[in-house]
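Just below is one structure, and these are the notes that go with it.
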Amino acid sequence: MKKHRKKIVLLSFVLSSTCWLSFSQPSLSDYLSNDLELKRLSLELKKTILSSKSTKIDNGIDIQLSTGTATFTFSEDDSYVKFQPSAKLALPQASNLAFTTSTKITKSGQEEDQTQIDDTKFSLSADIISGSLLTRKINLKKAERQVLEARRKLQDYALTAENNYYKQLRSLFETSSSIISSQKSMYDDTIDFEEIKAKGYAESSTKYRQALIEVLSDKHDVETKVHKLERDCAIFASKCNIEFTEGSQPKDFLPTEIPLVEALDILSFKKEDHKKIESARWNQEIAILNRKADKNFSLSASAGYTIKNSDTKSSTDKEKEASDTVDAGLQATFSGVTVGAGASIPTNGENPVYTLSASLNPNSFRKLSIKKKQNQLNQEEEEIEILNALNSYEEDVISKERSLNDLLWTKETNTETYKMYIKLEEDQKRHLQNGIISESEYLTALANRELYRIKLLMNDIDLIIYNNETKLLFCGDGELQNEEN
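Throughout the sequence shown, residue numbering follows this note's numbering, covering 70 to 554 in sequence.
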């Protein structure tokens, strides 16, 4: 009887939650700070921001300075150098408005330096009809989108990492719960075995052996689960950057409470913020802009002034000076046809100089009807993607509402049962002290109380995981802005 009482006391110590301490416990902040993927995504966001800044520079004011190609010529009689410096200032946001200037400089003479400057041009050009403005807008929107998606990816992974933390913690609680259940079975089988011995069954009898095998099997099952729990606690502790040394007890390592959170209603989120809906509409918006930017017809114009325009020099009269000209030009493109026309009007009243150009690409005409059909099919496909996203939203609403109802119902029933077992354990403890019940009946109530305490902790974890999974269905751009501010 004394040996039997020692086993009861030992089991009571294992089950009693009042013996649990709170040191070297895992924390979410330590777990997240030790997550390398979270750090990598943070660096990826910084890289994306830098890339976006580069794109804005490429699509902003453009200044180009060039010396041109310098040509050096040497001979016995003379030597000279010729180069064509130029400068350009472009404003893509103002219909591709561009100001350019260039000149030809020739310097020659060994005995007496001579410098000649010709074709000094000042020109202003702009698009009248083109898709350049839309193309610039698309490039900027894509750059901003890449930054936004990088921020979302980092934010989403933080929620996923938090879920991973609580899922691993929940698994440890599940193993703890399983150990307690196995200990209950071991205790019950031990009581039965003690009764068989008390009845005088021989050790060689079948009933004696079967009862002993049950006890030994229960003991092995408990020890196996305890070893697994200790191993899992050590692995989890390393992820939280803390130690779970040999000899440490899981009951001292596992937390005794979980942060309480309010349940999120999926209907409290905006429908248009559903990730699949938002993504489908974004893709459609960009596709529409791309189709608008891909114009079949474009028209650009230019105007300028040229000092000493060499085109006005006569091929027969070498002594004739080149005159200044006022220049103007147009260039139009329709599918595969490009036509250009220009005029340079001398300021001294002489005859103007005209330029014409034309090019043709027959394949562009042949592919025009194909492109129209492709655009039509793409539009229909985009609408289907939006409908699929809307259907996905409705399915998520149904799924999450049912999941939340199940979670709240489970927590409510577990809370009621836990309260019942607390009261029962208190009553059974008094009954045990008064000799009304056996120790086995008291320990059963104590074990059930501990099991439901752990179930309530797992309920709290399940609600955190549910909230995070619900958040992951939607774009949390509002939260991102608040973090930046």
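We treat Cβ as the ideally placed atom computed from N, Cα and C, and that holds for glycine.
Keep in mind it's a predicted model, so treat the numbers as computed, not measured.
- Query: By Cβ distance below 6 Å, which residues in the same chain neighbour Arg74 in space, the five residues on each side in sequence not counted?
  - Reply: Indexing the sequence shown from 1 puts residue 74 at position 5. Caution applies to Arg74, whose pLDDT of 39 falls short of 50 and renders its modelled position unreliable; the model cannot decide the point.
- Going by CA-CA distance only, name the one from Asn310, Arg518 and Ala306 that's closest to Pro319. Reading the sequence shown from its first residue, position 250 is the one you call residue 319. Closest by alpha carbon: Ala306.
- Message: Using a Cβ-Cβ cutoff of less than 6 Å, which residues in the same chain neighbour Asp546 once the five nearest sequence positions on both sides are dropped?
- Response: Numbered from 1 along the sequence shown, position 477 holds the residue referred to as residue 546. The answer is none, since no qualifying residue turns up.
- Task: Leaving out five residues on either side along the sequence, give the residues of the same chain with a beta carbon under 7 Å from the beta carbon of Asn483.
- Result: For the purposes of this step, residue 483 is taken as the residue at position 414 of the sequence shown. If we look at Asn483 and ignore the five residues flanking it on each side, its Cβ neighbours are Tyr521, Lys524, Leu525 and Asn528.
- Which residues share a DSSP beta bridge with Gln502? As a working note, residue 502 is residue 433 in the sequence shown. Paired residues: none, contrary to the question.
- Length at least 4, wholly inside the stretch 240-280: the alpha helix (DSSP H) runs in chain order: none
- Task: Within 10 angstroms of the Cβ of Ile346, are there 16 or more other Cβ atoms? Answer buried if so, exposed if not.
- Result: Translated into the one-based positions of the sequence shown, residue 346 becomes position 277. The residue in question, Ile346, is buried, as its Cβ has 16 or more Cβ neighbours within 10 Å.
- Message: Which residues does DSSP list as the beta-bridge partners of Tyr423?
- Response: Translated into the one-based positions of the sequence shown, residue 423 becomes position 354. The partner list for Tyr423 (beta bridge, DSSP) reads Ala412.
- Which ranges would you report for the beta strand (DSSP E) in the stretch 417-484 if only whole runs of at least 3 residues count? 422-429
- Message: Contact defined as beta carbons within less than 8 Å: I believe Asn128 pairs with Leu209. What is the distance between those atoms, to the nearest angstrom?
- Response: Residue numbering aside, residue 128 sits at position 59 when the sequence shown is read from its first letter. Residue numbering aside, residue 209 sits at position 140 when the sequence shown is read from its first letter. So it is a contact: roughly 6 Å between Cβ atoms.
- Query: With a cut-off of 8 Å, do at least 3 Cβ pairs link the stretch 326-337 to the stretch 418-425?
  - Reply: no
- Query: Where do the N-terminal and C-terminal ends of the beta strand (DSSP E) with Ala195 fall, by residue?
  - Reply: What you label residue 195 is simply residue 126 of the sequence shown in a count that begins at 1. Ala195 -> beta strand (DSSP E) spans Gln183 to Ile198.
- Query: Can you give the beta carbon distance from Ser194 to Ser413, rounded, assuming they're within the 8 Å contact cut?
  - Reply: Here residue 194 corresponds to residue number 125 of the sequence shown, with the count starting at 1. Here residue 413 corresponds to residue number 344 of the sequence shown, with the count starting at 1. Contact flag wrong, Cβ pair sits at about 15 Å.
- Task: Kindly indicate which three-state DSSP category Ala163 falls into: helix, strand or coil?
- Result: To locate residue 163, count along the sequence shown from 1; it is residue 94. Three-state result, Ala163: coil.
- Query: In three-state terms, what does DSSP make of Phe82?
  - Reply: Mapped onto the sequence shown, residue 82 falls at position 13. Low confidence applies here, because Phe82 scores a pLDDT of 37, under 50, leaving its location unreliable and the question unanswered by this model.
- Item | Cβ shell of Ile282 (< 8 Å), same chain only, five flanking positions each side left out | Here residue 282 refers to the residue found at position 213 when the sequence shown is read from its first residue. Correct list: empty, nothing qualifies.
- Item | Close-in-space but distant-in-sequence residues of the same chain around Ser251 (CB under 7 Å, 5 per side omitted) | Locating residue 251 in the sequence shown gives position 182, counting from the first residue. The answer, listed in chain order, is Asp287, Asp290, Val291 and Lys294.
- Message: Going by DSSP, what residue range makes up the alpha helix (DSSP H) through Ser121?
- Response: The residue labelled residue 121 in the question sits at position 52 within the sequence shown. Segment Leu105 to Asp127, the alpha helix (DSSP H) holding Ser121.
- Item | CB of Cys544 within 8 Å of CB of Lys236, strictly | To locate residue 544, count along the sequence shown from 1; it is residue 475. To locate residue 236, count along the sequence shown from 1; it is residue 167. For Cys544 and Lys236, no; Cβs fall outside 8 Å.
- Query: Can you tell me whether Asn537 is buried or exposed, with buried defined as 16 or more other CB within 10 angstroms of its CB?
  - Reply: The sequence position of residue 537 within the sequence shown is 468, counting from 1. So Asn537 counts as buried.
- Item | Nearest-angstrom Cα separation, counted from Asp531 out to Asn457 | By one-based count along the sequence shown, residue 457 stands at place 388. By one-based count along the sequence shown, residue 531 stands at place 462. Cα-Cα distance, rounded: 29 Å.
- Pairing CB atoms from the stretch 360-374 with CB atoms from the stretch 191-207, are three or more of them under 8 Å? yes
- Message: Taking the beta carbon of Ala514 as the centre, do at least 16 other beta carbons fall within 10 Å, making it buried, or is it exposed?
- Response: By one-based count along the sequence shown, residue 514 stands at place 445. The residue is buried, with at least 16 neighbouring Cβ atoms inside 10 Å.
- Task: From the DSSP output, in three-state form, read off Ser91 for me.
- Result: Along the sequence shown, one-based indexing puts residue 91 at 22. Low confidence applies here, because Ser91 scores a pLDDT of 38, under 50, leaving its location unreliable and the question unanswered by this model.
- Counting along the chain, where does the beta strand (DSSP E) carrying Asp131 start and finish? Along the sequence shown, one-based indexing puts residue 131 at 62. Looking at the DSSP string, the run of the beta strand (DSSP E) that includes Asp131 is Asp131 to Ser135.
- Query: Considering only residues of the same chain and omitting the five flanking positions on each side of Ala139, which have a CB-CB separation below 8 Å?
  - Reply: Start at 1 with the first residue of the sequence shown, and residue 139 comes out as number 70. The residues are Val150, Lys151 and Phe152.
- Task: Taking Gln353 as part of the alpha helix (DSSP H), name the residues at either end of that continuous run.
- Result: Counted from its first residue, the sequence shown places residue 353 at position 284. Per DSSP, Gln353 belongs to the alpha helix (DSSP H) from Lys344 to Ala362.
- Between the stretch 359-368 and the stretch 500-510, are three or more C-beta pairs nearer than 8 Å? no
- Message: Quick check: the Cα distance between Lys308 and Asn447, rounded to an integer number of angstroms?
- Response: The residue labelled residue 308 in the question sits at position 239 within the sequence shown. The residue labelled residue 447 in the question sits at position 378 within the sequence shown. Using only the alpha carbons, I get a separation of about 47 Å.
- Query: Who pairs with Val150 in a beta bridge, going by DSSP?
  - Reply: Indexing the sequence shown from 1 puts residue 150 at position 81. In DSSP, Val150 forms a bridge with Phe141 and Lys176.
- Task: Put Glu538 into one of helix, strand or coil per three-state DSSP.
- Result: As a first step, residue 538 must be located in the sequence shown, where it is residue number 469. Residue state, collapsed to three classes: helix.
- Query: Along the chain, where does the alpha helix (DSSP H) that runs through Asp99 open and close?
  - Reply: What you label residue 99 is simply residue 30 of the sequence shown in a count that begins at 1. Here the alpha helix (DSSP H) through Asp99 covers Leu97 to Ser102.
- Item | Inter-residue spacing [alpha-carbon to alpha-carbon] between Asp131 and Lys157 | Against the sequence shown, residue 131 aligns to sequence position 62. Against the sequence shown, residue 157 aligns to sequence position 88. Answer to the nearest angstrom: the Cα atoms are 8 Å apart.
- Task: Taking only the alpha-carbon atoms, compute the straight-line gap between Glu463 and Lys340 and give it to the nearest angstrom.
- Result: On the sequence shown, position 394 is the one that residue 463 refers to. On the sequence shown, position 271 is the one that residue 340 refers to. Roughly 9 Å separates the two Cα atoms.
- Task: For Thr488, count neighbouring Cβ atoms within 10 angstroms of its own Cβ and tell me buried if that reaches 16, exposed if not.
- Result: Taking the first residue of the sequence shown as 1, we reach residue 488 at position 419. Going by the sequence as given, residue 488 is Lys instead of Thr. By the 10 Å Cβ count, Lys488 comes out exposed.
- Message: Do Ile265 and Tyr277 count as a contact pair if the criterion is CB distance below 8 Å?
- Response: By one-based count along the sequence shown, residue 277 stands at place 208. By one-based count along the sequence shown, residue 265 stands at place 196. Yes, they are a contact pair.
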